[in-house]
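S.K.:
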Amino acid sequence: MRNILRHILMVGLTTILGAGILWAGGPAERQEQTHGYGLGRLATDQEVRVWNIDVAPTGEGLPTGQGTAKQGAALFAARCATCHGPTGKEGPMDRLIGGAGTLASQHPIKTVGSYWPYATTLYDYVHRAMPFPAPQSLSPDEVYSVVAWLLYQNGIIAEDTVLDAHSLPGISMPNRRGFLPDPRPDVPKP
Amino acid sequence: MTKHLQEEGPSGGDGRPDAEDESLLNRRSLLAGTAGLVSAMLMGSMTPAAEAATENSPEDPTRVPGATPTAYGQRSAFEKAVRIPRSWWSSLTPLQDSHGILTPSSLHFERHHNGVPTIHPTQHRLLIHGMVDQPWTFAMEDLKRFPSVSRLAFIECSGNSAAEWRGPTGQTAQQTHGLTSTSEWTGVALKTVLQEVGMNPEASWMLAEGGDAAAMTRSLPLASILEEAILCYAQNGEPLRPEQGYPLRLLIPGWEGNTCIKWLRRLKLGKAPFMTREETSQYTDLMPDGTARQFTMVMEAKSVITSPSGGQHIQPGFLEIRGLAWSGRGRIASVEVSTDGGRSWRQAALQEPILPKCHTRFHLSWRWNGEDVILQSRCLDDTGYRQPDRTALVAVRGVNSVYHYNAIQSWHIAADGKVSNVHA
Numbered sequence: 023m024r025n026i027l028r029h030i031l032m033v034g035l036t037t038i039l040g041a042g043i044l045w046a047g048g049p050a051e052r053q054e055q056t057h058g059y060g061l062g063r064l065a066t067d068q069e070v071r072v073w074n075i076d077v078a079p080t081g082e083g084l085p086t087g088q089g090t091a092k093q094g095a096a097l098f099a100a101r102c103a104t105c106h107g108p109t110g111k112e113g114p115m116d117r118l119i120g121g122a123g124t125l126a127s128q129h130p131i132k133t134v135g136s137y138w139p140y141a142t143t144l145y146d147y148v149h150r151a152m153p154f155p156a157p158q159s160l161s162p163d164e165v166y167s168v169v170a171w172l173l174y175q176n177g178i179i180a181e182d183t184v185l186d187a188h189s190l191p192g193i194s195m196p197n198r199r200g201f202l203p204d205p206r207p208d209v210p211k212p
Numbered sequence: 007m008t009k010h011l012q013e014e015g016p017s018g019g020d021g022r023p024d025a026e027d028e029s030l031l032n033r034r035s036l037l038a039g040t041a042g043l044v045s046a047m048l049m050g051s052m053t054p055a056a057e058a059a060t061e062n063s064p065e066d067p068t069r070v071p072g073a074t075p076t077a078y079g080q081r082s083a084f085e086k087a088v089r090i091p092r093s094w095w096s097s098l099t100p101l102q103d104s105h106g107i108l109t110p111s112s113l114h115f116e117r118h119h120n121g122v123p124t125i126h127p128t129q130h131r132l133l134i135h136g137m138v139d140q141p142w143t144f145a146m147e148d149l150k151r152f153p154s155v156s157r158l159a160f161i162e163c164s165g166n167s168a169a170e171w172r173g174p175t176g177q178t179a180q181q182t183h184g185l186t187s188t189s190e191w192t193g194v195a196l197k198t199v200l201q202e203v204g205m206n207p208e209a210s211w212m213l214a215e216g217g218d219a220a221a222m223t224r225s226l227p228l229a230s231i232l233e234e235a236i237l238c239y240a241q242n243g244e245p246l247r248p249e250q251g252y253p254l255r256l257l258i259p260g261w262e263g264n265t266c267i268k269w270l271r272r273l274k275l276g277k278a279p280f281m282t283r284e285e286t287s288q289y290t291d292l293m294p295d296g297t298a299r300q301f302t303m304v305m306e307a308k309s310v311i312t313s314p315s316g317g318q319h320i321q322p323g324f325l326e327i328r329g330l331a332w333s334g335r336g337r338i339a340s341v342e343v344s345t346d347g348g349r350s351w352r353q354a355a356l357q358e359p360i361l362p363k364c365h366t367r368f369h370l371s372w373r374w375n376g377e378d379v380i381l382q383s384r385c386l387d388d389t390g391y392r393q394p395d396r397t398a399l400v401a402v403r404g405v406n407s408v409y410h411y412n413a414i415q416s417w418h419i420a421a422d423g424k425v426s427n428v429h430a
């Protein structure tokens, strides 16, 4: 029984391989070979554009637009302060400002300023997930502005620094070198 | 229907039907049955069988017709084990009430970053783009047509037991260890789908993004996940629960739960990690020297005694010590139990099935003589990794790393039989 099955499989496989060779050179070659099960379809440019919201440390993915801390202050007060505090330090949700020099202490304070390695991540995250009750509702100018305000309050940029797709990736974050790869297993055996 | 029967039928309350009433019983139950069926047909659903048992159960169930079939079953109304929801972001599995290794889908722990979205299955799409031949999109029906794969696997939140770093905090096994669950996961192998879209062999990282209000995002090293990752549409034989990512989630067996992106809508292939907030600010492990470990994906071996465990009271005499052990690196090779705070250890029996990257049940027969004792369990996986004690773990990692706490758990049994969480 097994042998018969194997035989059928082999014959089937040869047929498929043979067909593959026949396709080669034909206009449909690429399509047929990479999409072997023929499932799914080509995504449209529009479909990719609306979901392709990630921003890489290189700045890839940053939209056109700009903003400064001055412009971001009012937005933070109106749209963020209820959860993160008037100065970004009081909570009740994640503290965003301060904490410099505390990471190696008994009570580390992890914030955008003390802990985050990339400024681009801040753009990505604020746009994708904040404000919490209305994610993805801010325009690029608004995101650049509030990001500028957070970086300014953390002493990383000046109040009038203009953030845009060009300047944001160049900002060096204090804890940029603070991350190391996973060394586990790390606990010595008894 | 059954409710009706019990309220009005001759066996209602705790009275037994007496002989005189026999004909009445038959007539009434028949009537009740008919009425029930009719109303069920009208309502398009059956009364859950269990509901009737909440207030009353017949003294002798052999003398009362039981409930009729139901469209979607429920557990017995007498069973009360529930998740504990914590704030808006998580709920905990009641490990102390579990048997075997599978977690009922209704009790699988939850962790989400901005609520559980409602996603229409026919509208959901998976987009794959970046370093592939062409950007490609799949409907759920497409994904279900691929050759399917299925396996059992635990998923554990990397923050499971996080409160224990600083001191004994959780009162019960559910509170200390409830962010882990095991299910059967069914779907299509990630590899199959990436081959279908023509993955560029130079691609080394994959961004996975959820379709929830957090658009939860993680970067995953392709070489490490390609053999085992599954795009899952089913859990324990039925479509995923909404809390578990309905209609589609990623499963990376053995890796921290947040990498198994739920409500999966997008995969983007690239050459470097995308450095999302969830792998920089969150889910990185701060060490005592102020540096942080990044991409700490695997969940190392861990075990917990679930019975007796915190919050329970035990009686002197025989009892079976029971618990769960699991390792993100592979199979559990052995579990040892101590009844004297770690001075001596005895081999526990492992209960079949013993599967890689799954909860594994252990037990040990024991007689409690009423003394003040400390129970512990420690496991070894098939890579030779042994679950550390608390002192050794804290010596390396300090107490501020939040994630990946897998130290030996100690339960103190006081002379009055009360079990509580201690650090021994």
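Protein chains in written order, with my numbering: chain A, 23 to 212; chain B, 7 to 430.
We treat Cβ as the ideally placed atom computed from N, Cα and C, and that holds for glycine.
Remember, predicted model here, so these are calculated numbers, not experimental data.
Is there a Cβ of chain A sitting closer than 8 Å to that of Arg352(B), yes or no?
M.R.: It does not; no Cβ of chain A falls within 8 Å.
S.K.: Any residues in the region 174-190 of chain B with a beta carbon nearer than 8 Å to a beta carbon of chain A? Which ones, in chain order?
M.R.: Listed in sequence order: no entries.
S.K.: Any beta carbon of chain D sitting closer than 8 Å to that of Phe201(A)?
M.R.: Absent from the structure is chain D; the protein chains it does hold are A and B.
S.K.: Output yes if chain B places a C-beta closer than 8 Å to the C-beta of Ser194(A); else output no.
M.R.: Cβ-Cβ to chain B under 8 Å: no for Ser194(A).
S.K.: For the region 51-95 of chain A, list the alpha helix (DSSP H) runs that are entirely contained and at least 4 residues long, ordered along the chain.
M.R.: The region 51-95 of chain A contains these whole alpha helix (DSSP H) runs: 51-56 and 67-73.
S.K.: Please report the straight-line C-alpha distance between Arg52(A) and Arg337(B), rounded to a whole angstrom.
M.R.: Because Arg52(A) carries a pLDDT of 43, less than 50, the predicted location of this residue cannot be relied on, and the following value inherits that uncertainty. Going by the C-alpha atoms only, they are around 42 Å apart.
S.K.: Considering Cα atoms alone, identify which of Ala413(B), Arg384(B) and Pro259(B) is closest to Thr397(B).
M.R.: When only C-alpha atoms are compared, the closest one is Ala413(B).
S.K.: Three Cβ pairs or more, each shorter than 8 Å: is that satisfied between the region 126-142 of chain B and the region 198-214 of chain B?
M.R.: The answer is yes - the region 198-214 of chain B touches the region 126-142 of chain B, with three or more Cβ pairs under 8 Å.
S.K.: Can you tell me where the alpha helix (DSSP H) holding Cys266(B) begins and where it ends?
M.R.: Per DSSP, Cys266(B) belongs to no alpha helix (DSSP H) and is neither H nor E.
S.K.: Going by C-alpha distance, which of Thr186(B), Thr109(B) and Leu133(B) is nearest Thr66(A)?
M.R.: Looking at the Cα atoms, Leu133(B) is the closest of the given residues.
S.K.: Output the distance between the C-alpha atoms of Gln177(B) and Met305(B), rounded to the nearest integer angstrom.
M.R.: Roughly 23 Å between the two C-alpha positions.
S.K.: Using the C-alpha atoms, what's the distance from Met303(B) back to Thr345(B)?
M.R.: Their backbone Cα atoms lie some 33 Å apart in a straight line.
S.K.: Does the pairing of the region 124-131 of chain B with the region 150-166 of chain B give three or more beta-carbon distances under 8 Å?
M.R.: No: fewer than three Cβ pairs fall under 8 Å.
S.K.: Using a C-beta to C-beta distance shorter than 7 Å, which residues of chain B count as neighbours of Tyr137(A)?
M.R.: Those are Ser287, listed as they occur along chain B.
S.K.: In chain order, what residues of the region 140-162 of chain B put their CB closer than 7 Å to some CB of chain A?
M.R.: Within the region 140-162 of chain B, the residues whose Cβ lies closer than 7 Å to some Cβ of chain A are Gln140, Pro141, Trp142, Thr143, Phe144, Asp148, Arg151 and Phe152, listed in chain order.
S.K.: Just grab the DSSP bridge partners of Leu213(B) for me.
M.R.: Partner(s): Ser225(B) and Lys274(B).
S.K.: Taking 8 Å as the cut-off, does the region 280-287 of chain B touch the region 137-149 of chain A (at least 3 CB pairs, one atom from each stretch)?
M.R.: Because the criterion of three Cβ pairs below 8 Å is met, the region 137-149 of chain A and the region 280-287 of chain B touch.
S.K.: With a cut-off of 8 Å on the beta carbons, I'd call Phe160(B) and His319(B) a contact; round off their distance for me.
M.R.: Between His319(B) and Phe160(B) the Cβ distance is about 29 Å, and since that is not below 8 Å, they are no contact.
S.K.: Given that a residue counts as buried once 16 or more other Cβ atoms are within 10 Å of its Cβ, and exposed if not, what is Thr182(B)?
M.R.: It is buried - the Cβ of Thr182(B) has at least 16 other Cβ atoms within 10 Å.
S.K.: I'd like to check one pair, Ala209(B) with Met137(B): are the Cβ atoms closer than 8 Å?
M.R.: Yes; because the gap between Cβ atoms is below 8 Å, this pair is in contact.
S.K.: Assign Thr104(A) to one of three DSSP states: helix, strand, or coil.
M.R.: Note: Thr104(A) maps to helix in three-state DSSP.
S.K.: With 16 other CB atoms within 10 Å as the buried threshold, where does Thr223(B) fall?
M.R.: It is buried - the Cβ of Thr223(B) has at least 16 other Cβ atoms within 10 Å.
S.K.: Report the residue from Leu185(B), His135(B) and Ser82(B) whose alpha carbon sits nearest the alpha carbon of His410(B).
M.R.: Considering only alpha carbons, the answer is Leu185(B).
S.K.: Thinking just about the alpha-carbon of each residue, which of Asp295(B), Lys363(B) and Phe84(B) is nearest to the one in Gly200(A)?
M.R.: Residue Asp295(B) is the option with its Cα nearest to Gly200(A).
S.K.: Taking Cβ-Cβ distances shorter than 8 Å, what residues in chain B pair up with Val70(A)?
M.R.: Correct list: Leu133, His135 and Pro141.
S.K.: So the candidates are Pro279(B), Glu244(B), Gly276(B) and Pro253(B); which of them puts its Cα closest to the Cα of Leu270(B)?
M.R.: Nearest of Pro279(B), Glu244(B), Gly276(B) and Pro253(B) to Leu270(B), Cα basis: Pro253(B).
S.K.: How would you call Leu272(B), buried or exposed, if buried means at least 16 neighbouring beta carbons within 10 angstroms?
M.R.: The identity of residue 272(B) in the sequence shown is Arg, whereas the question assumes Leu. By the neighbour-count rule (16 or more Cβ atoms within 10 Å), Arg272(B) is buried.
S.K.: For Asp2(A), return the contacting residues in chain B, with the cut-off set at a CB-CB distance below 9 Å.
M.R.: Not covered by the structure: residue 2(A). The range shown for chain A is 23 to 212.
S.K.: Return no unless some Cβ of chain B is closer than 8 Å to the Cβ of Lys111(A).
M.R.: Taking Cβ atoms only, chain B never reaches closer than 8 Å to Lys111(A), which makes this a no.
S.K.: Taking C-alpha atoms, which residue in Cys238(B), Leu292(B), Pro394(B) and Val379(B) lies nearest to Asp422(B)?
M.R.: Measuring from the Cα of Asp422(B), the nearest candidate turns out to be Val379(B).
S.K.: Say whether chain B places a C-beta atom closer than 8 Å to the C-beta of Arg117(A).
M.R.: Not one chain B Cβ lies under 8 Å of Arg117(A).
S.K.: Could you round the C-beta distance between Asn406(B) and Pro130(A) to whole angstroms and report it? I think they count as a contact, below 8 Å.
M.R.: With 8 Å as the limit, Asn406(B) and Pro130(A) qualify as a contact, their Cβ atoms being about 5 Å apart.
S.K.: Which residue comes first and which comes last in the alpha helix (DSSP H) that contains Thr143(A)?
M.R.: Where Thr143(A) is concerned, the enclosing alpha helix (DSSP H) stretches over Ala141 to Ala151.
S.K.: Spell out whether any CB of chain A is found under 8 Å from the CB atom of Arg349(B).
M.R.: It does not; no Cβ of chain A falls within 8 Å.
S.K.: Where does Pro207(B) fall in DSSP's three states?
M.R.: Reduced to three states, the DSSP call for Pro207(B) is coil.
S.K.: Can you tell me which residues form a DSSP beta bridge with Asp291(B)?
M.R.: Per DSSP, Arg299(B).
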